[in-house]
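Q: In my numbering, the protein residues as written are 448 to 542. Glycine included, each C-beta is placed from N, C-alpha and C at the ideal position. The structure presented is a predicted model; accordingly, all values stated were derived computationally and were not measured. Before we start, here is the structure in question, set down as structure tokens.
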């Protein structure tokens, strides 16, 4: 992944006019707010606040008729620092 991946995320965040983000890794769905901090941010770490973390295996289940997702299997964190190399996909969310 590019050394400037966090810069690209910040550029898309500015264009989206929101700092609320959903991130997908191979095993997690993470909702949070991007925290801007020039002294604590790096090109490898994305800092989030007010985070909801869900394991994808537990979060959504499907049977023959329908699929459903369960917010109750998620857990909250005040802070979460994500290695950007773990990000598979992301999307900024407008309220």
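With distances taken between CB atoms, is the gap from residue 456 to residue 469 smaller than 9 angstroms?
A: No, they are not a contact pair.
Q: What separation, rounded to the nearest whole angstrom, lies between the Cα atoms of residue 496 and residue 508?
A: Taking the straight line from one Cα to the other gives about 27 angstroms.
Q: According to DSSP, simplified to helix, strand and coil, what is residue 485?
A: Reduced to three states, the DSSP call for residue 485 is coil.
Q: Which ranges would you report for the beta strand (DSSP E) in the stretch 497-531 if only whole runs of at least 3 residues count?
A: DSSP runs (the beta strand (DSSP E)) wholly in the stretch 497-531: 507-509, 514-516, 522-530.
Q: Relative to the C-alpha of residue 521, which residue among 512, 510, 503, 531 is closest?
A: For residue 521, the nearest C-alpha among the options comes from 503.
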